[in-house]
Amino acid sequence: MTETLWPTSNSEMMDHPIGRCIRAVFFQTDLEEYPHATHGGTLFIVRFFGHLYGITCKHVFKDFSPDRLHVSPELTPKKGLMSAKVQNLGYASKLGGVAVGSDLDDICIIEFAFDLAPNFFKGDEYLITERSVATAKTGHKLFAYGFLKEKSRFIPEDGVFAPCCLPVRDRGESGDTILRHASAGYTPSAGGFRSITGMSGAPVFDITANALCGMVVRGSKTKDSYQIHYADIYDIVRLLEAVRDRRQTAHYVR
Numbered sequence: 001m002t003e004t005l006w007p008t009s010n011s012e013m014m015d016h017p018i019g020r021c022i023r024a025v026f027f028q029t030d031l032e033e034y035p036h037a038t039h040g041g042t043l044f045i046v047r048f049f050g051h052l053y054g055i056t057c058k059h060v061f062k063d064f065s066p067d068r069l070h071v072s073p074e075l076t077p078k079k080g081l082m083s084a085k086v087q088n089l090g091y092a093s094k095l096g097g098v099a100v101g102s103d104l105d106d107i108c109i110i111e112f113a114f115d116l117a118p119n120f121f122k123g124d125e126y127l128i129t130e131r132s133v134a135t136a137k138t139g140h141k142l143f144a145y146g147f148l149k150e151k152s153r154f155i156p157e158d159g160v161f162a163p164c165c166l167p168v169r170d171r172g173e174s175g176d177t178i179l180r181h182a183s184a185g186y187t188p189s190a191g192g193f194r195s196i197t198g199m200s201g202a203p204v205f206d207i208t209a210n211a212l213c214g215m216v217v218r219g220s221k222t223k224d225s226y227q228i229h230y231a232d233i234y235d236i237v238r239l240l241e242a243v244r245d246r247r248q249t250a251h252y253v254r
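In the working numbering, the protein residues as written are 1 to 254.
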């Protein structure tokens, strides 16, 4: 059974920590007229044990080199803005145990340079602590906040990006070991979008628990509903810990 959940306005979301920490995934090109390009996708900025990281899905890079990733200091990128220097990308490989065949290897941690100014993102990053993250429970009200590709475009001077808040309700674990499932009914007059492409990498926030609970890995939309499958924050934090500690392997039990 699906229910219709009415979206929160983007102006209200801008005052929420999740509304401020997202960035569009885009890359520098060698074209003078169009210096940036994207396949769509969202990333979000977090602070974890004093260091800044970006979190997104590995698949949003597609054929772009990670070296060309441009992470803007502001929500809306503008011509001339500096890009945060990327030091390392961390993601799982050679999965073992119950993780084999899962989407665990699609979680990508972007480690920014250690000399990046602490205020580069102007305080927009989401602070990860034991109390600011939590695994959602079935029935909890959530929202995913990211960028819709169909309503975003690049123009020669500045880009036009369309942030979108998708309210959903958690439906429990999915067929994938690490993913949870969430969905909601859709009323065309409430949103006016045909696809949720671009939401990959978007943070998922648990309104019921008031905590970050995961990241969108994939999703789909029908005429009257949409659904997302999202990585649990527990697995994201385990990968963050491995990147922070420079560990080549990470073994843990959920």
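All residues carry an ideal CB built from backbone N, CA and C; glycine is no exception.
Ignore the nearest five residues each way along the sequence and tell me which others in residue i's own chain have a CB closer than 6 angstroms to its CB.
i: Ile18; result: Tyr145, Pro203, Phe205
i: Asp30; result: none
i: Gly50; result: none
i: Ile207; result: Lys141
Return the first residue and the last residue of the alpha helix (DSSP H) that residue i is part of.
i: Tyr234; result: 233 to 245
i: Ile18; result: 17 to 21
Would you kindly work out how many angstroms separate the C-alpha atoms of residue i and residue j, rounded to a whole number?
i: Val133; j: Met215; result: 12 angstroms
i: Pro156; j: Asp170; result: With a pLDDT of only 46 at Pro156, under 50, the local geometry of the prediction cannot be trusted, and the value read off the model is given with reservation. C-alpha separation (whole angstroms): 40 angstroms.
i: Gln248; j: Pro118; result: 27 angstroms
i: Phe44; j: Gly123; result: 13 angstroms
i: Ser200; j: Gly40; result: 8 angstroms
i: Phe147; j: Cys164; result: 6 angstroms
i: His181; j: Val46; result: 23 angstroms
i: Ala242; j: Glu173; result: 24 angstroms
i: Leu212; j: Leu127; result: 10 angstroms
i: Arg68; j: Glu125; result: 22 angstroms
i: Asp245; j: Phe64; result: 28 angstroms
i: Arg194; j: Arg131; result: 36 angstroms
i: Arg20; j: Leu104; result: 26 angstroms
i: Thr138; j: Asp106; result: 23 angstroms
i: Arg254; j: Ala209; result: 20 angstroms
i: Tyr186; j: Ile236; result: 29 angstroms
i: Asp176; j: Ala231; result: 9 angstroms
i: Val98; j: Leu179; result: 12 angstroms
i: Ser102; j: Cys108; result: 14 angstroms
i: Glu140; j: Phe121; result: Contrary to the premise, residue 140 reads as His rather than Glu in this sequence. Near 30 angstroms, if we compare the C-alpha coordinates of Phe121 and His140.
i: Val168; j: Gly96; result: 31 angstroms
i: Lys223; j: Lys62; result: 28 angstroms
i: Val100; j: Lys94; result: 8 angstroms
Measure how close the beta-carbons of residue i and residue j come, nearest whole angstrom, since I'm counting them as under 8 angstroms.
i: Tyr234; j: Thr135; result: 6 angstroms
i: Tyr226; j: Arg238; result: So it is not a contact: roughly 28 angstroms between Cβ atoms.
i: Leu81; j: Arg23; result: At roughly 11 angstroms, the Cβ-Cβ gap does not stay under 8 angstroms, so Leu81 and Arg23 are not in contact.
i: Leu89; j: Pro73; result: 20 angstroms between Cβ atoms; not a contact.
If you drop the 5 nearest sequence neighbours on each side, which residues of the same chain put their C-beta closer than 7 angstroms to that of residue i?
i: Val25; result: Thr38, Gly41, Thr42, Leu43, Thr56, Val60, Gly201
i: Gly198; result: Gly40, Gly41, Thr42, Gly146, Phe147, Leu148, Lys149, Ser152
i: Lys85; result: Phe112, Ala113, Leu116
For residue i, collect the residues of the same chain with a Cβ closer than 8 angstroms to its Cβ; drop the 5 residues on either side in sequence, then sort them by chain order.
i: Gln87; result: Glu111, Phe112, Ala113, Phe114
i: Ile196; result: Leu148, Cys164, Leu166, Gly219, Ser220, Lys221, Tyr226, Ile228
i: Ala250; result: Ala92, Arg238, Leu239, Glu241, Ala242
Going by DSSP, what residue range makes up the beta strand (DSSP E) through residue i?
i: Ala134; result: Taken as a continuous stretch (DSSP letters only), Ala134 belongs to no beta strand (DSSP E), as it is neither H nor E.
i: Phe49; result: Looking at the DSSP string, Phe49 is not in any beta strand (DSSP E), and its letter there is neither H nor E.
i: Phe61; result: Counting along the chain, Phe61 falls outside any beta strand (DSSP E), and DSSP gives it neither H nor E.
i: Val253; result: Where Val253 is concerned, there is no enclosing beta strand (DSSP E), given that its DSSP letter is neither H nor E.
i: His181; result: 179 to 185
i: Gly90; result: 86 to 91
With which residues is residue i paired in a DSSP beta bridge?
i: Gly219; result: Ile228
i: Cys165; result: Tyr145
i: Gly214; result: Val204, Asp232
i: Leu69; result: Phe27
i: Thr56; result: Cys108
i: Asp170; result: Ala182
i: Thr197; result: Answer is none; Thr197 lacks a bridge partner.
i: Phe337; result: Since the first residue shown for the chain is 1 and the last is 254, residue 337 is missing from the structure and cannot be characterised.
Just checking residue i against the ligand FMN - is the residue's beta carbon closer than 7 angstroms to any of the ligand's heavy atoms?
i: Asp30; result: Only the bare structure without any ligand can be found here, which leaves the ligand FMN out of the picture.
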